[in-house]
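Chemist:
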Amino acid sequence: MLLIVVRQIINFASSFFVLSLFTFGIAHLFPEGIDFIFSHNSQSKLLLGTLPINGIENSNIVSVYFQYIGEIIQGNLGQSSVRGTSIFSEFWIYFPATLELSIVALLFAVSIGIPLGILAARLKNKWQDKLIISTTLVGYSMPIFWWAMLLVMLFSLWLGITPVASRIGFEFDILPVTGFMLIDTLLSTQEYSTEAFYSALHHLVLPAIVLGTIPLAVITRSTRSAMISALSGDYILSARARGISKTQEVWKHALRNALIPIITVLGLQVSVLITGSLITETIFSWPGAGKWLLEAVYRRDFPVIHGGILAIASFVIVTHLLLDIVMMFVDPKLRRNA
Amino acid sequence: MNTHSQFYQQTKIPSTFSRWWRHYQENKLALLALVIFTLIALVAIFASLLASYDPAVQFTDFIHVPPSWYELGESRFILGTDYIGRDIFSRLVFGAQLTLSLASAVVLLSGTIGMFLGVVSSFANYWIDSLIMRFMDFILAVPSLLLAVVIVAVIGPGLPNAIYAVALVLIPHFVLITRTAIKHEKNKEYVTAMLLDGASKSRLFIQSILPNILPPVIVQITLAFSTAILEIAALGFLGLGAQPPHPEWGTILSESHHYIMFAPWTVTIPGLAIFFTLLSINLVGDGLRDAMDNEKK
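So the sequences go chain by chain: E and D.
Residue 23 is where the first sequence starts when you use my numbering, and the numbers rise one by one after that.
Residue 941 is where the second sequence starts when you use my numbering, and the numbers rise one by one after that.
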């Protein structure tokens, strides 16, 4: 067991190593080079009026790489070339908004997708199953930027029931504590904190539906196929012979075995959600990490681009690592094989 | 099968492709999707014959004309005009040409590199294999659009760069599919028999393994094609792919989404084009997968 965890961590380390090589390489392609990482060291020299020290020319690239890694591990990603603020602290301002949106979107996808998938598996090849499967294919083929605009047109412009932009009504002043608007409004001591909570929820609905659409389609399909293969197992047949009820058969016996492939698919959705949040946040003016990064791209703010991709990719890698470890505990077969 | 053996064996054994086709035909929805996709492809090929106008020409007296079935519509502009009076129908037709050719370029590039790397990593020694796989794991770990955006940000926005970025993002799927399929086939007895006959690695691969790994690779090509269209459109929408004068579908949407309140048709119609193209390709992919899976059973 310990061996497997160690192996997972080595896997993680090598993924992070390749990631750091990539960002290190990409930083060299920036017009101002990689100096932004080390700029806080050379600040005094800059003040004295000398040219910025170009670390790459004076020393060999391997030692520059190790210095770079050292800076990153200390959480120094340099400063934004537009605002001059620390990128690491900026990331923690914007990223919780993305995380909140993604978690709600994932909850939306799971709470609808898994029951729908189970229903489709139970009614395999009936018209309900075919309807569900074709609907998921429609959802899967939906370009989400267009889907977002259609929903905005319908719910915001014609029916006027949802707001179109930002995380909360502008009349509320909420002190950021955790960065999660739903939690912050509840923690807030202002007298309007309940109204603020509903306002935040109200703003969250449409972006979460947009972001959750593709995961919903994928989760429904994979739940269906996992349930079909679980329901055809011999243990289901023997359980049925013992005379268990249909509900028990599906929810207790089959679902527990089907959950393992479903969790794997859920892990893959992390990437999908981050990709989708780039677009969703742009359309709904959601102040998250995706919008922050895209704005940096438009302004050619290279230190932010570098720090943003490094931080977001590290987040994805860590999530995958944690999921793999969780899977080891959930699935006894994985433990034995390793 | 040569003529000599047919003399004795009257029953004709259908070729693999004709058997796939027979299974495919049974799925009526997939067949319909294939017809729709063929139509879209034909529109793309004959764009210059079908389009009523040049996609860039502006009719400054006809700004935001609704589609022809509306009361205010003009029969000259079947699907209406956009915010500077360009004919939407012509732009979509030329957009089909642009989008499909870009997606083909992406699939060709990523497919060739990806399959090559997949073959290399499944036949090479442990170190080369794990080097390639580590790198692919990394590309898979970074969210695809994010990686494409960063690459475009560094090498500059524009069409060729968007193609490179999207192609790079799609490579790992080809590598993984090819590698898994080859590893799977390599354990089979016919490969052992071939090895015992003294076949070289290249002969083993081309003559016996390659035909057997075609089904997953073909399915992956259709999947990659729809992903490529989606990612190119997404980059175009974010202003990092095709730049505004180009009639690329995502770019058209990003130009017109500011006018969503006054001219909703400039948003709905280009979106429908992307949506139906993606849907038909995904249905064809599903149909192909089912047909080839059936074959195995």
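Here a beta-carbon is modelled for each residue, glycine too, at the ideal position from N, C-alpha and C.
1) So, does the stretch 124–135 of chain E touch the stretch 233–245 of chain E, judging by three or more C-beta pairs under 8 Å?
2) Please determine if the stretch 960–979 of chain D and the stretch 1218–1230 of chain D are in contact, where contact requires at least 3 C-beta pairs separated by less than 8 Å.
3) How is D/T1021 classed by DSSP in three states: helix, strand or coil?
4) CB-CB under 6 Å to E/A311, same chain, minus the five flanking residues each way: which ones, in chain order?
5) Which of the three DSSP states is assigned to D/S1140 in this structure?
6) Check each residue of the stretch 1159–1174 of chain D: if its Cβ is closer than 8 Å to any Cβ of chain E, include it; give the result in chain order.
7) Where DSSP assigns a beta bridge to E/Q101, which residues make up the other side?
8) By DSSP, does D/D1001 sit in helix, in strand, or in coil?
9) Tell me which residues share the same chain as E/T242 and place their Cβ nearer than 6 Å to its Cβ, disregarding the 5 neighbours each side in the sequence.
10) Under a CB-based cut-off of 7 Å, is D/M1201 close to chain E?
11) Quick one: Cα of E/L281 to Cα of D/A1036, how far?
12) Which whole-angstrom value is the C-beta distance of E/L173 and E/L259, which I expect to be below 8 Å?
13) Below 7 Å on C-beta distance, what does D/A1269 contact in chain E?
14) Mind the definition here: the stretch 1086–1101 of chain D touches the stretch 310–324 of chain E only if three or more C-beta pairs lie below 8 Å; say whether that holds.
15) What residues of chain D sit near E/I95, judged by a beta carbon separation below 7 Å?
16) Residues of chain E with CB under 8 Å from D/D1226, in chain order?
17) Tell me which same chain residues have a C-beta within less than 7 Å of the C-beta of E/Q30, skipping the five on either side of it?
18) Could you check how far apart the C-beta atoms of E/I59 and E/G100 are, in whole angstroms? I think they sit under 8 Å.
19) Would D/F1017 pass as a contact of D/D1027 if the rule is Cβ separation under 7 Å?
20) Run down chain D in chain order and give the residues with a C-beta less than 9 Å from the C-beta of E/T304.
21) Do you know how far the Cα of D/F986 is from the Cα of D/E1011?
22) Below 8 Å, can you find three or more Cβ-Cβ pairs linking the stretch 147–167 of chain E to the stretch 262–273 of chain E?
23) Throw me the rounded Cβ distance for the D/D1230 and D/N967 pair, which I believe falls under 8 Å.
24) Can you list, in chain order, the residues of its chain whose CB lies under 8 Å from that of D/L1032, leaving out five sequence neighbours each side?
25) At the 7 Å Cβ level, is D/L1211 part of the contact set with chain E, yes or no?
26) Can you find a C-beta in chain E that's less than 7 Å from the C-beta of D/F977?
27) Go through its chain and collect everything with a Cβ distance to D/A1088's Cβ below 7 Å, but skip five positions before and after it.
28) Closer than 8 Å is the cut-off here; do at least three beta carbon pairs connect the stretch 37–45 of chain E with the stretch 1072–1083 of chain D?
29) If I measure Cβ to Cβ from D/M1055 and keep anything under 6 Å in the same chain, skipping five residues before and after, which residues do I get?
30) Looking only at its chain, what residues have a beta carbon closer than 7 Å to the beta carbon of E/K313, apart from the 5 residues adjacent to it on each side?
31) Measure the C-alpha to C-alpha separation of E/E271 and D/A1139 and round it to an integer number of angstroms.
32) Measure the Cβ-Cβ separation of E/V104 and E/D353 and say whether it is below 7 Å.
33) Would you say E/G53 reaches chain D, if we count a Cβ-Cβ gap shorter than 7 Å as a contact?
34) So, D/W1205 versus D/P995, is the Cβ gap smaller than 7 Å?
35) Alpha carbon to alpha carbon, how far is E/I339 from E/L24? Give it in angstroms, no decimals.
36) Closest Cβ-Cβ distance between E/T297 and chain D: below 7 Å?
Modeler: By the coordinates alone:
1) Under the Cβ criterion (8 Å, minimum of three pairs), the stretch 124–135 of chain E counts as touching the stretch 233–245 of chain E.
2) The stretch 960–979 of chain D makes contact with the stretch 1218–1230 of chain D, as at least three CB pairs between them are under 8 Å.
3) The answer is strand: DSSP assigns D/T1021 an E or B state.
4) So the qualifying residues of the chain are Y116, F117, T120.
5) Three-state DSSP puts D/S1140 in coil, outside helix and strand.
6) Within the stretch 1159–1174 of chain D, the residues whose Cβ lies closer than 8 Å to some Cβ of chain E are S1166, L1170, A1173, A1174, listed in chain order.
7) For E/Q101, which the question treats as bridged, DSSP gives the partners E/S108.
8) Note: D/D1001 maps to coil in three-state DSSP.
9) Residues G135, L138, G139, T158 of the same chain have their beta carbon placed closer than 6 Å to that of E/T242, with the five preceding and five following residues left out of the count.
10) For D/M1201, at least one C-beta of chain E is nearer than 7 Å to its own C-beta.
11) Whole-angstrom Cα-Cα distance: 41 Å.
12) About 45 Å separates the CB atoms of E/L173 and E/L259; that is not less than 8 Å, and the two are not in contact.
13) Residue 1269 of chain D cannot be examined here, being either before or after the span of chain D that is shown, 941 to 1237.
14) The stretch 1086–1101 of chain D, when compared against the stretch 310–324 of chain E, does touch it at the 8 Å Cβ threshold.
15) Near E/I95 there are no residues of chain D at all, since even the closest Cβ is about 19 Å away, more than 7 Å.
16) Chain E residues near D/D1226: L159.
17) Correct list, in chain order: L343, D346, I347.
18) Correct: roughly 5 Å between the Cβ atoms.
19) Result yes, Cβ atoms of D/F1017 and D/D1027 sit closer than 7 Å.
20) Those are F1177, L1178, listed as they occur along chain D.
21) Rounded to whole angstroms, D/E1011 and D/F986 show a C-alpha spacing of 30 Å.
22) With a cut-off of 8 Å, the stretch 262–273 of chain E and the stretch 147–167 of chain E do not count as touching, because too few Cβ pairs lie within range.
23) Right, their Cβ atoms sit about 6 Å apart.
24) Cβ contact annotation for D/L1032 (same chain, cutoff 8 Å, sequence separation greater than five): L1019, P1187, W1189, I1192, I1209, P1210, A1213, in chain order.
25) Note that residue 1211 of chain D corresponds to Gly in the displayed sequence, not to Leu. Yes, its Cβ sits closer than 7 Å to a Cβ of chain E.
26) Chain E contact via Cβ: absent.
27) Excluding sequence positions up to five before and after D/A1088, its CB lies within less than 7 Å of the CB of A1105, V1106, V1109, E1171, L1175, all in the same chain and listed in chain order.
28) They touch, by the three-pair rule.
29) Counting only Cβ-Cβ distances below 6 Å, and skipping sequence neighbours, we find F1114, T1118.
30) Counting only Cβ-Cβ distances below 7 Å, and skipping sequence neighbours, we find E303, T304.
31) Rounded to whole angstroms, E/E271 to D/A1139 spans 52 Å at the Cα level.
32) Not a contact, by the Cβ cut-off of 7 Å.
33) In the sequence as presented, Gly is not what sits at residue 53 of chain E; that position holds Pro. Taking Cβ atoms only, chain D never reaches closer than 7 Å to E/P53, which makes this a no.
34) At a Cβ-Cβ threshold of 7 Å, D/W1205 and D/P995 do not count as neighbours.
35) CA-CA distance, E/L24 to E/I339, rounds to 20 Å.
36) True, the Cβ-Cβ gap to chain D drops below 7 Å.
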